[in-house]
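Asks:
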Amino acid sequence: MKIAIASGKGGTGKTTVAVNLASYLAETRPVVLVDLDVEEPNSGLFLGAEATDGRDTFKMIPAWESTTCSHCGQCQEVCNFHAIIALPDQVMIFPELCHSCYACSELCPTSSLPMQPVKMGRMSWLSAGNLSFVESRLDIGQEQAVPLIKQTLAFVDERHAAVPIRIYDCPPGTSCPVIEATREADFVVLVTEPTPFGLNDLKLAVETMRHLDKKFGVVVNRQGLGDDRVEAYCAAEGIPLLARIPNDRRIAESYARGQRIYEHFPVVRRQLAAIMDAIKEAAS
Amino acid sequence: MKEIVVISGKGGTGKTSLTAALSWLAGADIVVADCDVDAADMHLLLQPDFARAEDFHGGQVALIDQDVCTACGACAEVCRFDAITPGNDFYAVDPISCEGCGYCPRVCPTEAIVMEDRLSGQWFVSRIRTGATMVHARLGIGAENSGKLVAKVKNEAKRIAAEQGKEFILVDGSPGVGCPVVSSLSGADFVVLVTEPTVSGLHDLQRVHELVARFRIRCGCIINKADLNLEVTAAIGEFLTANNIVALTELPYDEAFTRAMVAGRTIVEENDGPLALQLKDCWEKIKQTA
Ligand code: SF4
Ligand code: SF4
Ligand code: SF4
Ligand code: SF4
Chain P
517 MKIAIASGKG
527 GTGKTTVAVN
537 LASYLAETRP
547 VVLVDLDVEE
557 PNSGLFLGAE
567 ATDGRDTFKM
577 IPAWESTTCS
587 HCGQCQEVCN
597 FHAIIALPDQ
607 VMIFPELCHS
617 CYACSELCPT
627 SSLPMQPVKM
637 GRMSWLSAGN
647 LSFVESRLDI
657 GQEQAVPLIK
667 QTLAFVDERH
677 AAVPIRIYDC
687 PPGTSCPVIE
697 ATREADFVVL
707 VTEPTPFGLN
717 DLKLAVETMR
727 HLDKKFGVVV
737 NRQGLGDDRV
747 EAYCAAEGIP
757 LLARIPNDRR
767 IAESYARGQR
777 IYEHFPVVRR
787 QLAAIMDAIK
797 EAAS
Chain L
3 MKEIVVISGK
13 GGTGKTSLTA
23 ALSWLAGADI
33 VVADCDVDAA
43 DMHLLLQPDF
53 ARAEDFHGGQ
63 VALIDQDVCT
73 ACGACAEVCR
83 FDAITPGNDF
93 YAVDPISCEG
103 CGYCPRVCPT
113 EAIVMEDRLS
123 GQWFVSRIRT
133 GATMVHARLG
143 IGAENSGKLV
153 AKVKNEAKRI
163 AAEQGKEFIL
173 VDGSPGVGCP
183 VVSSLSGADF
193 VVLVTEPTVS
203 GLHDLQRVHE
213 LVARFRIRCG
223 CIINKADLNL
233 EVTAAIGEFL
243 TANNIVALTE
253 LPYDEAFTRA
263 MVAGRTIVEE
273 NDGPLALQLK
283 DCWEKIKQTA
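Those sequence lines, one after another, are chains P and L.
According to the working numbering, numbering within the first sequence proceeds without interruption in unit steps and concludes at 800.
According to the working numbering, numbering within the second sequence proceeds without interruption in unit steps and concludes at 292.
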């Protein structure tokens, strides 16, 4: 089962839920935790071990061969992302704008734009007992998260095909990276805060999940902090409220130290159990 | 005209609440731009009037005319994004997967494919409660090109600031280190980094600073919830000194921020104690350094 942990915006406790749920489940069965928040991967900081194994990841971009180019200018016209400019005597490529669509390369009449790999980030992994962990990190200056998310998911498919439970820590927001990260999930957990910002972002996330036709439920983090409009919204929309994690300064401090909070707060452990029960019920 | 951009790398540090508070303090001297288009929240505190709304088309999407398609499969073969699914009589594009690269129409023998502009959001020009103008936006679901929408919001804010002769543009920047935040940063004169003393807060601060350093923009830092973990706060302080980042202020962990948010107001309207004074000083410092 693939469970994606997402939220309309960052900082709601998405990573906290992902890491704690994965570690909690790993007490009794094999689990893979995958950090797909490739712009700001943080899950690993809470695992207490460094993912030392890894490899660089690449995306394909065209490289210009000046000797064979006939300067026809077609590549510039073909590229929908303005990633290539054909000057009278030179072709310039802007790798950070390139979406690796291969159009310029395959349509070039003189085959002067072979696609070549350039590094876009790094994927690392570690296994400790029942818990396997995979994270990807986009290089600074790389602008596109989606190709790296795709590669990471493909890697997990290959390496951890047999592991029954996967937890994805998704990128925040509602744009293309989240869509990629939740695409194959069986269930999406939306983490939010009981505040006006939390509610506004939750509504966007709910709209996105409905658009994608996903099964989903909501976890309210820092319950007791703001107001009860999030709960009222979920009730009115018929969205299952999976769990509530209380607002407690000690929990915030524990998180700040990089701890897995369920190990220190039994109330969190109970909420994790409730999340799993609700997911199993909803997904069956 | 100076452009001040507030970013945080990670979400949840209070960036938007702080930007809204600074906007309030700046009064009518500024134009406000909300470039956190993916999770735009500042309007909940500044209550813009949405006076002018414009559609935003970012990128394109392929559309196959089923009557013309002969199901030859050439398009699906070239599409690198698995966006074209085969059928018996015709092929179809999944608009969510389509990246809008425009390759498939170039190989279709029957000219069955057209590229259409994708409606990917809306942007607004509003008046907020301080009398200042605010430019903000809403990104459509699953839309690409949030970077382009960010650029649109910023350019519009710049144009208006020039027109109104305003001294500053205050920008609520995007999270992360990818394309939207790169758009938020381009052209900035001063960057305010908002962080919190958690292990991930420090980690994200370092990452986002690496990006800012590439743009060679001067920056300052607000440590929010500074008393949550004094050890990490000290580590952040060292990082700021080592990297020549102006330490703007350290704010306490205070649920007054949330209470103000629930009331739909900025913290400086709700609180006239030390917190508000600290923020006032902070805004003066930002103006001077910028
Ligand atoms: S399409 Fe090929 S031949 Fe034409 S300008 Fe580009 S690289 Fe040169
Ligand atoms: S591969 Fe596609 S996106 Fe990249 S430069 Fe060529 S046409 Fe442009
Ligand atoms: S425009 Fe590009 S991404 Fe979209 S369907 Fe055609 S080939 Fe695929
Ligand atoms: S290339 Fe054109 S004709 Fe062939 S399957 Fe695609 S849309 Fe249909």
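Note that beta-carbon positions come from the ideal geometry of N, C-alpha and C, so glycine has one too.
Just to confirm my understanding: we take L/VAL149, look at its own chain, exclude 5 residues before and 5 after, and list those with CB closer than 7 Å. What are they?
Replies: The residue you asked about is not Val; residue 149 of chain L is Gly in the sequence shown. These residues qualify, in order along the chain: CYS181, PRO182, VAL184 and SER185.
Asks: Could you tell me whether the Cβ of L/ILE115 comes closer than 7 Å to any Cβ of chain P?
Replies: So, not an interface residue.
Asks: Return yes when the Cβ of L/ASP191 is within less than 7 Å of the Cβ of L/ALA28, no when it is not.
Replies: No.
Asks: Ordered along the chain, which non-local residues of its own chain (more than five positions away) have a Cβ less than 8 Å from that of P/LYS731?
Replies: These residues qualify, in order along the chain: ASP702, PHE703, VAL704, ALA798 and ALA799.
Asks: List the endpoints of the continuous alpha helix (DSSP H) containing L/TRP285.
Replies: L/TRP285 -> alpha helix (DSSP H) spans 276-291.
Asks: Should L/ASN246 go down as buried or exposed, given a rule of 16 or more other Cβ atoms within 10 Å for buried?
Replies: The residue in question, L/ASN246, is exposed, as its Cβ has fewer than 16 Cβ neighbours within 10 Å.
Asks: Looking only at DSSP bridge pairs, what is P/VAL548 linked to?
Replies: In DSSP, P/VAL548 forms a bridge with P/SER648 and P/ARG682.
Asks: Check whether the Cβ of P/PHE649 lies closer than 7 Å to any Cβ atom in chain L.
Replies: So, not an interface residue.
Asks: At a CB distance below 8 Å, what residues from the region 617-649 of chain P approach chain L? Give them in sequence order.
Replies: Here the close residues are CYS617, TYR618, ALA619, GLU622 and LEU623.
Asks: The region 25-45 of chain L: which residues have C-beta closer than 7 Å to a C-beta of chain P, in chain order?
Replies: The residues in question are ASP40, ALA41 and ASP43.
Asks: Mind listing the chain P neighbours of L/MET2? Cutoff is C-beta to C-beta under 8 Å, in chain order.
Replies: Residue 2 of chain L cannot be examined here, being either before or after the span of chain L that is shown, 3 to 292.
Asks: Can a CB atom of chain P be found closer than 7 Å to the CB of L/GLU272?
Replies: Chain P contact via Cβ: absent.
Asks: Are the C-beta atoms of P/GLU797 and some chain A residue less than 7 Å apart?
Replies: Absent from the structure: chain A. Protein chains present are P and L.
Asks: Which whole runs of the alpha helix (DSSP H) in the region 163-219 of chain L are 4 residues long or more, in chain order?
Replies: DSSP runs (the alpha helix (DSSP H)) wholly in the region 163-219 of chain L: 181-187 and 201-217.
Asks: Distance check for P/ALA534 and P/ALA790, CA to CA, integer angstroms please.
Replies: Going by the C-alpha atoms only, they are around 14 Å apart.
Asks: Who does L/TRP125 pair with in a DSSP beta bridge?
Replies: L/TRP125 pairs with L/GLU56 and L/ALA139.
Asks: Is any non-hydrogen atom of ligand 1 found closer than 6 Å to the C-beta of P/THR628, if you look at the structure I gave you?
Replies: Sequence inspection shows Ser at residue 628 of chain P; the Thr mentioned does not correspond to that position. Yes - ligand 1 has a heavy atom lying nearer than 6 Å to the Cβ of P/SER628.
Asks: Excluding the 5 residues preceding and the 5 following P/ARG738 in the sequence, name in chain order all residues of the same chain whose CB lies nearer than 6 Å to its CB.
Replies: Taken in chain order, the residues that qualify are GLU709 and ASN763.
Asks: May I ask which residues mark the beginning and end of the beta strand (DSSP E) holding P/GLN606?
Replies: P/GLN606 -> beta strand (DSSP E) spans 606-609.
Asks: State the CB to CB distance for the pair P/ALA619 and L/ARG108, rounded to an integer number of angstroms; the pair is presumed to be in contact (CB under 8 Å).
Replies: With a Cβ gap of about 7 Å, P/ALA619 and L/ARG108 count as contacting.
Asks: Taking its Cβ as the centre, do 16 or more other Cβ atoms sit within 10 Å of P/GLN632, making it buried, or is it exposed?
Replies: By the neighbour-count rule (16 or more Cβ atoms within 10 Å), P/GLN632 is not buried but exposed.
Asks: Could you tell me the distance, in whole angstroms, from the CA atom of P/ASN716 to the CA atom of P/VAL722?
Replies: Cα-Cα distance, rounded: 10 Å.
Asks: Here's a check: name, in chain order, each residue in its chain whose Cβ is nearer than 6 Å to the Cβ of P/GLY529, leaving out the five neighbours to either side.
Replies: Excluding residues within five positions, the ones whose Cβ falls inside 6 Å are VAL707 and ASN737.
Asks: Does any heavy atom of ligand 1 sit closer than 6 Å to the C-beta of L/SER122?
Replies: Outside the cutoff, so no.
Asks: Looking at L/PHE83 and ligand 2, is the gap between the Cβ and the nearest heavy atom below 6 Å?
Replies: Result no, Cβ not under 6 Å from ligand 2.
Asks: By how many angstroms is the C-alpha of P/SER648 removed from the C-alpha of P/GLU566?
Replies: Each residue's alpha carbon lies about 12 Å from the other.
Asks: Is there a C-beta anywhere in chain P that falls below 7 Å from the one on L/PRO177?
Replies: Output row for L/PRO177: interface = yes.
Asks: Looking at L/PHE58: is its Cβ nearer than 7 Å to the Cβ of L/SER122?
Replies: A contact, by the Cβ cut-off of 7 Å.
Asks: So P/PHE671 is in the alpha helix (DSSP H); what residue range does that whole segment cover?
Replies: Run containing P/PHE671: 662-675, per the alpha helix (DSSP H) assignment.
Asks: For ligand 3, is there any heavy atom lying closer than 6 Å to the beta carbon of L/TYR105?
Replies: Correct: L/TYR105 has its Cβ closer than 6 Å to ligand 3.
Asks: What residue range is occupied by the uninterrupted alpha helix (DSSP H) comprising P/ILE767?
Replies: Start and end: 765-772.
Asks: Output yes if chain P places a C-beta closer than 7 Å to the C-beta of L/TYR105; else output no.
Replies: Yes - at least one Cβ of chain P is within 7 Å of the one on L/TYR105.
Asks: What I want to know is whether the C-beta of P/LYS602 ends up closer than 6 Å to one or more non-hydrogen atoms of ligand 1.
Replies: A small correction: the amino acid at residue 602 of chain P is Ala; Lys does not occupy that position in the sequence shown. Checking every heavy atom of ligand 1 against the Cβ of P/ALA602, one is found closer than 6 Å.
Asks: Based on DSSP bridge pairs, tell me the residues matched to L/ASP119.
Replies: In the DSSP output, where bridge partners are listed per residue, L/ASP119 has L/GLN62.
Asks: Nearest-angstrom Cα distance between P/CYS624 and P/CYS614?
Replies: Taking the straight line from one Cα to the other gives about 16 Å.
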